[in-house]
Amino acid sequence: MRVARGGTLLLLSAAVRGAAGAITAAAVLAAVFSGAGAGERATPPAKQARSAMQGAISYTPIPFGEVPGWEEDDQLAALLAFRKSCDRLARDTLARAEGDKTSHPPALMQACAGASAVKPTKASARAFFEQNFTANAISHTGPSGLLTGYYEPLLPGSRTAEGAFQTPLYKRPPELVDLAEEKERAAVGTLSHGRKGEKGIEPFATRAQIDQGFLKGRNLELLYLADPVDVFNMQIQGSGRVKLTDGSAVRVHYDGKNGHPYTSIARYLIDKGLLAADKISMGALTKWLKADLQRAKEVMWQNASYVFFRELQGAEAKGPLGAMNAPLTPGRSLAVDSAHHLLGMPIYVTAQHMSHVSKGGGFNRLMVAQDVGSAIKGPERGDIYFGSGDAAGKLAGSTKHPCKFIVLLPNEAPVRAAVDGGETPRAQ
27 MRVARGGTLL LLSAAVRGAA GAITAAAVLA AVFSGAGAGE RATPPAKQAR
77 SAMQGAISYT PIPFGEVPGW EEDDQLAALL AFRKSCDRLA RDTLARAEGD
127 KTSHPPALMQ ACAGASAVKP TKASARAFFE QNFTANAISH TGPSGLLTGY
177 YEPLLPGSRT AEGAFQTPLY KRPPELVDLA EEKERAAVGT LSHGRKGEKG
227 IEPFATRAQI DQGFLKGRNL ELLYLADPVD VFNMQIQGSG RVKLTDGSAV
277 RVHYDGKNGH PYTSIARYLI DKGLLAADKI SMGALTKWLK ADLQRAKEVM
327 WQNASYVFFR ELQGAEAKGP LGAMNAPLTP GRSLAVDSAH HLLGMPIYVT
377 AQHMSHVSKG GGFNRLMVAQ DVGSAIKGPE RGDIYFGSGD AAGKLAGSTK
427 HPCKFIVLLP NEAPVRAAVD GGETPRAQ
């Protein structure tokens, strides 16, 4: 899960497909969550708040033939990532039904059901998306689109405080309370987590307070890393692998945060004139911080947010997980603002000036919204998961480009995709 980087934007596609022009998100939301039928539940306050935020977005259906690079993209890779989301959504649907919570939109779940039957060929995958979804250009009053990247770092560490490894990576404290669903935490404008105290829910300790010993002596140390900068970087990425002193490696994953809003220390350094804006990168920032660890602490304390981790075990440990607890796919998983996009949805991303990822120049790719992040704010703000290790880190560190989103909304009554890869009609 990307930390310095859901919701409900669905979408009776019959309304979208039948519209002569653009349709607003507020109207789409009203179609989904209002008009109480016998089996429908009232809209929770959090969804009402998101509805107000989403009202500034409008959707205009476009033919797939007008989607830049659609014919050249590998929709099979996107389909495989989408299936991972569907597996998670199916399990979540059962849990929601047992807990009497609002279920996922039926149109999306119907599309998920059809995805499992698609033959693993590029032609069949393309046919599936064209028959089950409608491509929609979006317009909004929010900030311009921006695409960045993240990755899973591999850092040296130890299970015990020994040698160079003296800085703890902490487990989740038992008194930590979620004040919002984890999938929604990036969309919350106030504290996302709190501390259960004698007088009720209180703000949890800040990064500075934790670094100065707030959790010391409570047996909450999960692992130990080389210095506070490595811990900070692991928290920014939200997950990672740690190579232990015995040669083995373990995978750790986000398990809550102290709830304080995320603050960019890169922006702080630029504003203070300590780093030039045109020279900033994850590598440059890490080098500057490690050059003076005491100075680094004081800068990192400007970001009061602090992340806790758990060690993944068994099948979960095979790869990093996103906010849906679905496995992430390098180059196809996208962190988005869950105030505007439902996790699990396919989103086509175009970044014409981004040339370091695709050999042909430019970036046109169908991706799947599977993660969130505290710094990912806005209708066209995306963060690409690039994979594990240094090579992925270099790609992530070089990604900061303008972009546009084309959102694929599921049709109300999806047509089963042709599984033989034959010609299928394009959405109009």
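The numbering of the sequence shown is our numbering, which starts it at 27 and goes up by one. A virtual CB, placed ideally from N, CA and C, is assigned to each residue, including glycine.
8 Å CB neighbourhood of residue i in its chain, flanking five on each side removed
i: Asp416; result: Leu180
i: Ile373; result: Leu360, Val362, His367, Leu392, Met393, Val394, Ala395, Gly408, Phe431, Ile432, Val433 and Leu434
i: Pro71; result: Residue placement at Pro71 cannot be trusted, given a pLDDT of 30 that sits under 50; the coordinates are not used to answer.
Cβ-based neighbour list, residue i, same chain, cut-off 6 Å, excluding 5 preceding and 5 following
i: Gly95; result: Asn390
i: Ala82; result: His166 and Thr167
i: Gly65; result: Bear in mind that the predicted position of Gly65 carries a pLDDT of just 29, short of 50, making it unreliable; the figure below should be weighed with that in mind. Closer than 6 Å at the Cβ level, and outside the excluded window around Gly65, lies no residue.
i: Ala377; result: Leu173, Phe389, His427 and Cys429
From the options, residue whose alpha carbon lies closest to that of residue i
i: Gly207; options: Phe412, Ala349 and Thr376; result: In the sequence as presented, Gly is not what sits at residue 207; that position holds Glu. If we check each option's Cα against that of Glu207, Ala349 comes out closest.
i: Gly264; options: Thr312, Lys420 and Asp281; result: Asp281
i: Met380; options: Leu173, Gln328, Leu106 and Ala275; result: Leu173
i: Lys313; options: Ala330, Pro254 and Met371; result: Pro254
i: Glu228; options: Glu247, Gly239 and Gly285; result: Gly285
i: Thr90; options: Arg152, Ile262 and Val144; result: The residue you asked about is not Thr; residue 90 is Phe in the sequence shown. Checked all of Arg152, Ile262 and Val144; the closest Cα to Phe90 is Arg152.
i: Val146; options: Leu106, Ala317 and Gln339; result: A small correction: the amino acid at residue 146 is Pro; Val does not occupy that position in the sequence shown. Comparing Cα positions, the closest option is Leu106.
i: Phe311; options: Pro287, Gly273, Ile262 and Gly357; result: Looking at the sequence shown, residue 311 is not Phe but Leu. Closest option to Leu311, Cα to Cα, is Ile262.
i: Glu97; options: Gly239, Lys148 and Ala302; result: Lys148
Within 9 Å, strictly: CB atoms of residue i and residue j
i: Val278; j: Glu188; result: no
i: Pro194; j: Leu241; result: yes
i: Arg233; j: Tyr332; result: yes
i: Ser384; j: Tyr177; result: no
i: Ser150; j: Leu102; result: yes
i: Phe334; j: Lys197; result: yes
i: Val203; j: Gly220; result: yes
i: Ala116; j: Phe155; result: no
i: Gly183; j: Leu270; result: yes
i: Ser170; j: Glu406; result: yes
Boundaries of the alpha helix (DSSP H) in which residue i is found, first to last residue
i: Leu315; result: Met308 to Lys316
i: Tyr14; result: The structure shown does not extend to residue 14, since the chain spans only 27 to 454, so no value can be given for it.
i: Pro428; result: It is not in any alpha helix (DSSP H) - Pro428 instead sits in the beta strand (DSSP E) that spans Lys426 to Pro428.
i: Pro254; result: Pro254 to Gln263
i: Gln136; result: Pro132 to Ala141
i: Glu413; result: First, the residue type needs correcting, since residue 413 is Gly and not Glu in the sequence shown. It is not in any alpha helix (DSSP H) - Gly413 instead sits in the beta strand (DSSP E) that spans Arg407 to Ser414.
Rounded straight-line distance, which links the Cα of residue j to that of residue i
i: Glu353; j: Leu347; result: The identity of residue 353 in the sequence shown is Pro, whereas the question assumes Glu. Each residue's alpha carbon lies about 5 Å from the other.
i: Ala231; j: Tyr294; result: 21 Å
i: Phe191; j: Met260; result: 15 Å
i: Thr425; j: Tyr411; result: 11 Å
i: Gln235; j: Gly266; result: 24 Å
i: Pro132; j: Lys344; result: 30 Å
i: Lys110; j: Leu300; result: 43 Å
i: Ala401; j: Thr289; result: 8 Å
i: Ser307; j: Lys283; result: 24 Å
i: Gly419; j: Ile296; result: 22 Å
i: Thr355; j: Gly243; result: 38 Å
i: Ala185; j: Gly370; result: Checking the displayed sequence, the identity of residue 185 turns out to be Arg instead of Ala. Cα-Cα distance, rounded: 35 Å.
7 Å CB neighbourhood of residue i in its chain, flanking five on each side removed
i: Gly309; result: Gly423
i: Arg114; result: Met350, Asn351 and Ala352
i: Ile291; result: Val325, Met326, Gln328 and Asn329
i: Val93; result: Ala161, Tyr374 and Ile432
i: Gly404; result: Gly168, Pro169 and Asp363
i: Glu247; result: Pro194 and Tyr196
Bounding residues of the beta strand (DSSP E) (the contiguous stretch that carries residue i)
i: Leu321; result: A small correction: the amino acid at residue 321 is Arg; Leu does not occupy that position in the sequence shown. Not the beta strand (DSSP E): Arg321 falls in the alpha helix (DSSP H), residues Leu319 to Met326.
i: Ser359; result: Ser359 to Ala361
i: Ala163; result: Phe159 to Ser165
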